[in-house]
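Here the structure comes first, spelled out in structure tokens, and everything after it is commentary.
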Amino acid sequence: MLAGLDEIRDLGADPVRGGYSRHLWSTAELGLREWFVERATRLGLGIDRDRNGNLWAWWGEPGADAVVTGSHLDSVPGGGAYDGPLGVVSALDAVARLKARGFTPHRPFAVIVFAEEEGSRFGVACLGSRLMVGSLDPAVAGALRDRDGVTLADAARYAGEDPELFGPDPAALGRIGLFIELHVEQGRGLVDLGSAVGVASGILAHGRWRLSFEGEGNHAGATPMIGRRDPMVAAAAAILAVREAALARPGTRATVGRLEAVPGGTNVIPSRVQLWLDARAETDAEAHELVATIAARASASAFVEESWSSSVEFDASLRDRFAAGLGGVPVLSTGAGHDAGVLAAHVPSAMLFVRNPSGVSHAPGEFAELADCVAGTDALESLLVSVL
Ligand code: GLV
Ligand code: MN
Ligand code: MN
Ligand code: MN
1 MLAGLDEIRD LGADPVRGGY SRHLWSTAEL GLREWFVERA TRLGLGIDRD RNGNLWAWWG
61 EPGADAVVTG SHLDSVPGGG AYDGPLGVVS ALDAVARLKA RGFTPHRPFA VIVFAEEEGS
121 RFGVACLGSR LMVGSLDPAV AGALRDRDGV TLADAARYAG EDPELFGPDP AALGRIGLFI
181 ELHVEQGRGL VDLGSAVGVA SGILAHGRWR LSFEGEGNHA GATPMIGRRD PMVAAAAAIL
241 AVREAALARP GTRATVGRLE AVPGGTNVIP SRVQLWLDAR AETDAEAHEL VATIAARASA
301 SAFVEESWSS SVEFDASLRD RFAAGLGGVP VLSTGAGHDA GVLAAHVPSA MLFVRNPSGV
361 SHAPGEFAEL ADCVAGTDAL ESLLVSVL
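Numbering of the sequence shown is given in full-length UniProt numbering, commencing with residue 1 and proceeding in unit increments.
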């Protein structure tokens with residue numbers, strides 16, 4: 001059980017930040033894909049690569065009205081071991097158990113690995129699922145650049161993908177009859193409720209914006225304090241405004257987790273500063289109001305939306321049926337984004353959460369007890385049996 005987590009323990013371990021940095025099509029992420037293909041093949045699953053960098057492993061022939069389960073293998077910079085991989089490993093373990101007990105699915109079934117769920121390399125979260133459902137323009141996607149200036153199209157070619165094929169994939173989407181994503185919980189909801197496993201009700205509205213501040217680059221020692229045009233000062237004021245705006249709207253969340261000074265020298269007044277805002281709220285309207293407040297207070301020369309996701313309500317009948325089928329486990333919402341949220345607008349989708357004792361995620365301290373991970377796989381297996 002969950003030997004897969006052990007097998008990938010060293011892939012993308014980040015000695016500088018701690019935790020894991022497994023960015024799309026990096027050596028680490030390609031290694032994880034190889035591991036997935038090898039593991040799935042050993043289970044007798046057939047590998048299929050779609051047009052948008054997502055990996056599928058089919059039990060039998062691909063077909064319509066399929067049950068699909070899985071998650072992602074990429075991570076945030078310095079992320080935890082569970083966000084993404086737990087859903088993939090549990091799916092493969094569920095397949096192994098079903099095969100061991102001689103179970104035969106009565107409808108097509110696949111395990112999926114989505115590309116660039118975190119958006120850590122190219123800035124847009126859930127890139128693979130968004131391209132598939134057609135909510136992201138493939139021309140826009142192809143031109144996205146990573147921190148080194150490499151375009152997504154060039155990175156795709158380097159990884160052996162064909163960016164000319166990126167775009168809406170009604171054939172792939174049309175095969176999904178039902179999607180289930182198992183995920184480590186990214187909060188302490190299940191700890192407080194005393195349950196190893198829960199079912200998702202919904203996801204907050206969330207988006208990402210890039211703010212630019214322009215100034216005049218100059219010498220840190222030779223330039224008097226009076227008369228400087230230092231964009232870092234404006235950026236700092238904007239960061240405080242971000243915090244204040246979110247505090248003034250209970251339930252909303254706003255974060256600046258990334259900041260770049262150009263050129264980035266200790267003894268250089270920057271000529272430009274960019275920062276990235278992550279803002280979330282219960283409703284789309286609240287999230288937009290929050291961001292409008294921030295935009296009005298931050299004296300940014302550019303305020304650009306890089307990624308947007310409306311709030312999600314998971315399929316109510318599936319949610320209730322799954323929660324009841326698991327003996328009445330808690331139903332709870334999350335502030336974290338997921339490919340299941342992107343798919344939910346198109347196909348019945350559900351999520352299972354596994355308790356996280358610290359509640360920490362997107363950081364090395366993310367954790368789940370083995371017994372809870374096993375309980376999660378038990379739950380996934382029983383839900384699969386009920387729909388297959
Ligand atoms: C992705 O995990 C996100 O919620 O940002
Ligand atoms: Mn994540
Ligand atoms: Mn995730
Ligand atoms: Mn996520």
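Even for Gly, the Cβ is constructed at its ideal location relative to N, Cα and C.
{"Check": "Run through the stretch 103 to 184 for me and flag every whole alpha helix (DSSP H) of 4 or more residues, listed as ranges in chain order.", "Outcome": "127 to 133, 138 to 143, 152 to 158, 170 to 175"}
{"Check": "Taking Ser349 and Phe179 to be in contact with their CB atoms under 8 Å, please state how far apart those CB atoms are, rounded to whole angstroms.", "Outcome": "4 Å"}
{"Check": "Could you please give the first and the last residue of the uninterrupted beta strand (DSSP E) stretch that includes Ala281?", "Outcome": "272 to 281"}
{"Check": "Ala298 lies in the alpha helix (DSSP H); which residues open and close that run?", "Outcome": "Per DSSP, Ala298 belongs to no alpha helix (DSSP H) and is neither H nor E."}
{"Check": "What are the start and end residues of the alpha helix (DSSP H) that includes Val342?", "Outcome": "339 to 343"}
{"Check": "Under the DSSP definition of a beta bridge, which residues are partnered with Leu352?", "Outcome": "Leu182, Val199"}
{"Check": "Looking at C-alpha atoms only, which residue of Leu211, Ala222, Glu313 is the closest neighbour of Met232?", "Outcome": "Leu211"}
{"Check": "Between Pro364, Ala125, Asp230, Leu370, which has its C-alpha nearest Tyr20's C-alpha?", "Outcome": "Pro364"}
{"Check": "From Leu24 to Trp56, what does the alpha carbon distance come to, in whole angstroms?", "Outcome": "16 Å"}
{"Check": "Give a single yes or no on whether Gly365 has its beta carbon closer than 6 Å to a heavy atom of ligand 1.", "Outcome": "no"}
{"Check": "Asn254 lies in the beta strand (DSSP E); which residues open and close that run?", "Outcome": "The amino acid occupying residue 254 in the given sequence is Ala; Asn does not appear at that position. Looking at the DSSP string, the run of the beta strand (DSSP E) that includes Ala254 is 253 to 262."}
{"Check": "Would the C-beta of residue 390 count as close to ligand 3, meaning under 6 Å from any of its heavy atoms?", "Outcome": "The requested residue 390 is not part of the displayed model; the chain covers only 1 to 388."}
{"Check": "What residue range is occupied by the uninterrupted alpha helix (DSSP H) comprising Leu2?", "Outcome": "Element bounds for Leu2: n/a, residue is neither H nor E."}
{"Check": "Can you tell me the Cα-Cα spacing of Gly341 and Gly221, whole angstroms?", "Outcome": "50 Å"}
{"Check": "Are the stretch 270 to 284 and the stretch 201 to 209 touching, with three or more C-beta to C-beta distances below 8 Å?", "Outcome": "yes"}
{"Check": "For the putative contact between Val197 and Tyr82, defined by C-beta atoms under 8 Å, what is the C-beta separation to the nearest angstrom?", "Outcome": "So it is not a contact: roughly 14 Å between Cβ atoms."}
{"Check": "Pop quiz: Arg107 and Gly177 are said to be a contact at Cβ under 8 Å. What is the actual Cβ separation, rounded to whole angstroms?", "Outcome": "7 Å"}
{"Check": "Phe213 bridges to which residues according to DSSP?", "Outcome": "Val273"}
{"Check": "I need the straight-line Cα distance from Ser90 to Glu381, nearest angstrom please.", "Outcome": "9 Å"}
{"Check": "Based on the DSSP secondary-structure assignment, which residues constitute the bridge partners of Thr293?", "Outcome": "Partner(s): none; Thr293 has no beta bridge."}
{"Check": "Between the stretch 236 to 252 and the stretch 286 to 294, do three or more beta carbon pairs fall short of 8 Å?", "Outcome": "yes"}
{"Check": "What is the rounded straight-line gap between the Cα of Gly160 and the Cα of Leu45?", "Outcome": "22 Å"}
{"Check": "What is the DSSP secondary structure of Asp93, counted as helix, strand or coil?", "Outcome": "helix"}
{"Check": "What number of angstroms, rounded off, separates the C-alpha of Val67 from the C-alpha of Phe109?", "Outcome": "5 Å"}
{"Check": "Give the straight-line distance between the Cα atoms of Val133 and Asp148, rounded to the nearest whole angstrom.", "Outcome": "28 Å"}
{"Check": "For a quick check, are the C-beta atoms of Gly128 and Glu116 less than 7 Å apart?", "Outcome": "yes"}
{"Check": "Tell me whether Glu61 sits in a helix, a strand or coil according to DSSP, three-state version.", "Outcome": "coil"}
{"Check": "What residues sit near ligand 1, counting only those whose C-beta is closer than 6 Å to one of its heavy atoms, in chain order?", "Outcome": "Glu118, Ala125, Ala336, Gly337"}
{"Check": "Measuring straight from C-alpha to C-alpha, what distance separates Leu144 and Ser317?", "Outcome": "38 Å"}
{"Check": "Taking DSSP as the reference, what is the three-state secondary structure of Arg319?", "Outcome": "helix"}
{"Check": "Can you tell me where the beta strand (DSSP E) holding Leu332 begins and where it ends?", "Outcome": "331 to 334"}
{"Check": "Taking only the alpha-carbon atoms, compute the straight-line gap between Glu118 and Glu306 and give it to the nearest angstrom.", "Outcome": "13 Å"}
{"Check": "Skipping 5 residues on each side, what residues in its chain have a beta carbon closer than 7 Å to that of Asp48?", "Outcome": "Trp56, Trp58, Pro62"}
{"Check": "Could you pull out every residue in the same chain whose Cβ sits closer than 8 Å to the Cβ of Leu193, ignoring the five residues on either side in sequence?", "Outcome": "Pro330, Leu332"}
{"Check": "Starting from Val68, trace the alpha helix (DSSP H) in both directions and tell me its first and last residue.", "Outcome": "Note, Val68: premise wrong, no alpha helix (DSSP H); beta strand (DSSP E) at 66 to 72."}
{"Check": "Would you call the CB atoms of Ala298 and Ala241 closer than 7 Å?", "Outcome": "yes"}
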